[in-house]
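All residue numbers for the sequence shown refer to numbering that gives the first Met the number 0, where the first residue is 0 and numbers rise by one.
For each residue, glycine too, the CB sits at the ideal point set by N, CA and C.
Read through the structure below, which is laid out as structure tokens, and then see the notes.
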Amino acid sequence: MTEQKIPADVISAENEKRAGALKSDYAALGEKLARNNIDIDAVTKQVAKFFVAVPSWGVGTGGTRFARFPGLGEPRNIFDKLEDCSVINELTRATPTVSLHIPWDKADPMDLKAKGDALGLSFDAMNSNTFSDAPDQAHSYKYGSLSHVDAATRAQAVEHNIECIELGNAIGSKALTVWIGDGSNFPGQSNFTRQFERYLASMADIYKALPDDWRLFSEHKMYEPAFYSTVVQDWGTNFLIAQTLGPKAFCLVDLGHHAPNTNIEMIVARLIQFGKLGGFHFNDSKYGDDDLDAGSVEPYRLFLVFNELVDAEHRGVKGFHPAHMIDQSHNVTDPIESLISSANEIRRAYAQALLVDRVALEGFQSDNDALMATETLKRAYRTDVEAILAEARRRAGGAIDPIATYRASGYRAQVAAERPAVKGGSGGIV
Ligand SMILES: [Mn+2]
0 MTEQKIPADV ISAENEKRAG ALKSDYAALG EKLARNNIDI DAVTKQVAKF FVAVPSWGVG
60 TGGTRFARFP GLGEPRNIFD KLEDCSVINE LTRATPTVSL HIPWDKADPM DLKAKGDALG
120 LSFDAMNSNT FSDAPDQAHS YKYGSLSHVD AATRAQAVEH NIECIELGNA IGSKALTVWI
180 GDGSNFPGQS NFTRQFERYL ASMADIYKAL PDDWRLFSEH KMYEPAFYST VVQDWGTNFL
240 IAQTLGPKAF CLVDLGHHAP NTNIEMIVAR LIQFGKLGGF HFNDSKYGDD DLDAGSVEPY
300 RLFLVFNELV DAEHRGVKGF HPAHMIDQSH NVTDPIESLI SSANEIRRAY AQALLVDRVA
360 LEGFQSDNDA LMATETLKRA YRTDVEAILA EARRRAGGAI DPIATYRASG YRAQVAAERP
420 AVKGGSGGIV
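Below, the structure is given as structure tokens:
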């Protein structure tokens, strides 16, 4: 790493202020956990190895279909975005990878790789975009892309996905995430079966272009932009896709892409059981695909999702390595602060899930002791693991309090002076 956006002396000066309190808190928590035969250092080491990718599109201010209110110092291009992503990683030490969205982030792969290397960042899954039209494209996606009735439009969408694979391959990515807006707005507008057949045939063409060590993630979403039907609407359809395409195809679960009250942790368990969980887009929601910050509304649900992931790790599920990515839209906060907070919340859910007494839980389940089984989960969830998270960051060179340190660094004011103010534009919600 040759470029550090937040000077190391700023981080150490801020850490100095908090080191004493952290030491006491960590010791107190360690003592408490030791009473349950949990070694705090083992948990801290596990947490320190847990990483989540930052979405390049997340560092710009998002928007709704009504408006977008740009913030100060918005990134002008992918290189500015990578610098903002680096700030998040320097402070949290939890986000060493970035997920790119093409064509938004299209650039010379050599330049992308060089910038990533300089910042100590590498590249996670590539994301294609066939839900909006690029300025120079021949065929419009107004009526769909991979499932379009017109073969030339489908071929163009397939070609775009292959281009994403090629660019990703040149910069060290190992996965492609495909989310499409295809669907219909009226009953009768599309033939469900024909449309899905066309989608599967297009995806099979993309699948053929995957390098051997790549994975293809399909992402389901219940509705929007199509409001009557969506081609890849739920995990069942998603599972059929992954199963039909082959061993390199997996399902991606975006937490916000389900109906309210859907038991997402159970979907996660099912996909793990049948070897098709590819990864996550973490965020939170209250009503629909709100793209709110991870853990901001339903932290217990996030914990329950992680409980399934840790359970799978605990059982030693073969080939289990889901991709962890954030996918959020930040409309009223500084995106860097939201992403720092989300990375911490995701690690918090993981740390809490690591504290679950799985032997006791299994015993309560076998005894049909529902109350003690659920209490076993709650006991882990109620544990304040902040000292573990802070200590993991501190040991890795990050900040004990990353948001306070970010504010103290003056980074936002500094980039606001360098980057001209932008007018409203499209958001980037997927
Ligand atoms: Mn998503």
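message: Does residue 370 pass the burial test, meaning 16 or more other C-beta atoms within 10 Å, or should it be called exposed?
response: On the sequence shown, position 371 is the one that residue 370 refers to. It is exposed - the Cβ of residue 370 has fewer than 16 other Cβ atoms within 10 Å.
task: Return yes when at least one heavy atom of ligand 1 lies under 7 Å from the C-beta of residue 280, else no.
output: In the sequence shown, counting from the first residue as 1, residue 280 sits at position 281. Yes, Cβ of residue 280 sits closer than 7 Å to a heavy atom of ligand 1.
message: Please state the DSSP three-state secondary structure of residue 131.
response: Along the sequence shown, one-based indexing puts residue 131 at 132. Residue 131 falls in the coil class under three-state DSSP.
- prompt: Whose CA, out of 343, 336, 382, lies closest to the CA of residue 356?
  reply: Here residue 356 corresponds to residue number 357 of the sequence shown, with the count starting at 1. Ranking the options by Cα distance to residue 356, first place goes to 382.
task: Select from 106, 307, 418, 78 the residue whose C-alpha is nearest the C-alpha of residue 269.
output: For the purposes of this step, residue 269 is taken as residue 270 along the sequence shown, with counting starting at 1. Comparing Cα positions, the closest option is 307.
- prompt: Are there 16 or more other CB atoms within 10 angstroms of the CB of residue 140, so buried, or fewer, so exposed?
  reply: Numbered from its first residue, the sequence shown carries residue 140 at position 141. When all chains shown are included, residue 140 counts as buried.
- request: Compute the beta-carbon to beta-carbon distance between residue 311 and residue 244, rounded to the nearest angstrom, for a pair I have assumed lies under 8 Å.
  value: Position 312 of the sequence shown, counted from the start, is the residue given in the question as residue 311. Position 245 of the sequence shown, counted from the start, is the residue given in the question as residue 244. At roughly 22 Å, the Cβ-Cβ gap does not stay under 8 Å, so residue 311 and residue 244 are not in contact.
message: So, with DSSP's three-state summary, where would you put residue 428?
response: Within the sequence shown, residue 428 is the residue found at index 429, counting from 1. Unreliable positioning characterises residue 428 in this predicted model, as indicated by a pLDDT of 48, which lies under 50. The coordinate reading is nonetheless provided below. Coil, per DSSP.
- prompt: How big is the Cα-Cα spacing for residue 338 and residue 127?
  reply: Translated into positions along the sequence shown, residue 338 becomes position 339. Translated into positions along the sequence shown, residue 127 becomes position 128. Spanning the two alpha carbons is a distance of roughly 22 Å.
Expected contact under 8 Å - CB spacing of residue 225 and residue 182 to nearest Å: Indexing the sequence shown from 1 puts residue 225 at position 226. Indexing the sequence shown from 1 puts residue 182 at position 183. Yes, residue 225 and residue 182 are in contact; Cβ-Cβ is about 3 Å, under 8 Å.
message: Between the alpha carbons of residue 149 and residue 197, how many angstroms are there, rounded?
response: Within the sequence shown, the letter at position 150 stands for residue 149. Within the sequence shown, the letter at position 198 stands for residue 197. So the two alpha carbons sit approximately 10 Å from each other.
Nearest-angstrom Cα separation, counted from residue 205 out to residue 119: Along the sequence shown, read from residue 1 onward, the residue named residue 119 stands at position 120. Along the sequence shown, read from residue 1 onward, the residue named residue 205 stands at position 206. Cα-Cα distance, rounded: 30 Å.
field: Cβ-based burial, residue 429 [other Cβ within 10 Å; buried from 16]
entry: Counting from 1 along the sequence shown, the entry for residue 429 is found at position 430. Unreliable placement is indicated for residue 429, whose pLDDT of 49 sits below 50; the coordinate value is still reported in the next sentence. Label assigned to residue 429: buried.
task: With a threshold of 7 Å, establish whether the CB of residue 178 neighbours any heavy atom of ligand 1.
output: Here the question's residue 178 lines up with position 179 in the sequence shown. It does: the Cβ of residue 178 is within 7 Å (strictly closer) of some heavy atom of ligand 1.
query: Distance, Cα to Cα, residue 23 vs residue 48?
result: Stepping through the sequence shown from its first residue, residue 23 is reached at position 24. Stepping through the sequence shown from its first residue, residue 48 is reached at position 49. Residue 23 and residue 48: Cα-Cα distance of roughly 23 Å.
query: For residue 42, which three-state DSSP category applies?
result: Taking the first residue of the sequence shown as position 1, residue 42 is located at position 43. In the structure shown, residue 42 sits in a helix (DSSP, three-state: H, G or I).
- request: Please go through the same chain and pick out, in chain order, the residues whose beta-carbon is closer than 6 Å to the beta-carbon of residue 416, but skip the five residues on each side of it.
  value: The count along the sequence shown starts at 1 and reaches residue 416 at position 417. If we look at residue 416 and ignore the five residues flanking it on each side, it has no Cβ neighbours.
message: Assuming residue 192 is part of the alpha helix (DSSP H), what are its boundary residues?
response: Against the sequence shown, residue 192 aligns to sequence position 193. Run containing residue 192: 191 to 207, per the alpha helix (DSSP H) assignment.
- request: Keeping to the same chain, check which residues put their C-beta closer than 8 Å to that of residue 332; ignore five residues upstream and five downstream.
  value: As a first step, residue 332 must be located in the sequence shown, where it is residue number 333. Cβ neighbours of residue 332 beyond the five flanking positions: 292.
- request: Pull up the CB-CB distance for residue 5 and residue 86, whole angstroms please, since I reckon it's below 8 Å.
  value: Counting from 1 along the sequence shown, the entry for residue 5 is found at position 6. Counting from 1 along the sequence shown, the entry for residue 86 is found at position 87. The pair is a contact, with the Cβ atoms about 6 Å apart (cut-off 8 Å).
query: In whole angstroms, what separates the C-alpha of residue 172 from that of residue 57?
result: For the purposes of this step, residue 172 is taken as residue 173 along the sequence shown, with counting starting at 1. For the purposes of this step, residue 57 is taken as residue 58 along the sequence shown, with counting starting at 1. One C-alpha to the other measures close to 18 Å.
beta-carbon residue 223 near ligand 1 non-hydrogen atom, thresh 7 Å: The sequence position of residue 223 within the sequence shown is 224, counting from 1. Residue 223: no, Cβ never under 7 Å from ligand 1.
message: Any heavy atom of ligand 1 closer than 7 Å to the beta-carbon of residue 149?
response: Mapped onto the sequence shown, residue 149 falls at position 150. No; taking the cut-off as 7 Å, the Cβ of residue 149 has no heavy atom of ligand 1 nearer than that.
message: Please tell me whether, using a cut-off of 7 Å, the distance from the CB of residue 283 to the nearest non-hydrogen atom of ligand 1 is below it.
response: Position 284 of the sequence shown, counted from the first residue, corresponds to residue 283. No, the Cβ of residue 283 stays beyond 7 Å of every heavy atom of ligand 1.
- request: Return yes when the C-beta of residue 253 is under 7 Å from any heavy atom of ligand 1, and no when it is not.
  value: Numbered from 1 along the sequence shown, position 254 holds the residue referred to as residue 253. Between ligand 1 and residue 253, a heavy atom-to-CB distance of less than 7 Å is present.
- request: State yes or no: is the C-beta of residue 326 nearer than 7 Å to some heavy atom of ligand 1?
  value: On the sequence shown, residue 326 is found 327 positions in, with the first residue counted as 1. Under cutoff, so the answer is yes.
- prompt: With a cut-off of 8 Å, do at least 3 Cβ pairs link the segment 57 to 68 to the segment 105 to 123?
  reply: no
message: Could you check whether the segment 376 to 390 touches the segment 343 to 361, counting it as contact only if at least three pairs of C-beta atoms, one from each stretch, sit closer than 8 Å?
response: yes
query: In angstroms, rounded to a whole number, what distance separates the CA positions of residue 42 and residue 316?
result: By one-based count along the sequence shown, residue 42 stands at place 43. By one-based count along the sequence shown, residue 316 stands at place 317. Between residue 42 and residue 316, the C-alpha separation is close to 20 Å.
query: First and last residue of the beta strand (DSSP E) that includes residue 218?
result: Here residue 218 is taken as the residue at index 219 of the sequence shown, counted from 1. Segment 214 to 218, the beta strand (DSSP E) holding residue 218.
query: Which residues does DSSP pair with residue 325 in a beta bridge?
result: Walking along the sequence shown from the start, residue 325 turns up at place 326. In DSSP, residue 325 forms a bridge with 281.
query: Under the DSSP definition of a beta bridge, which residues are partnered with residue 126?
result: Along the sequence shown, read from residue 1 onward, the residue named residue 126 stands at position 127. For residue 126, the pairing in a beta bridge is given by DSSP as 100, 176.
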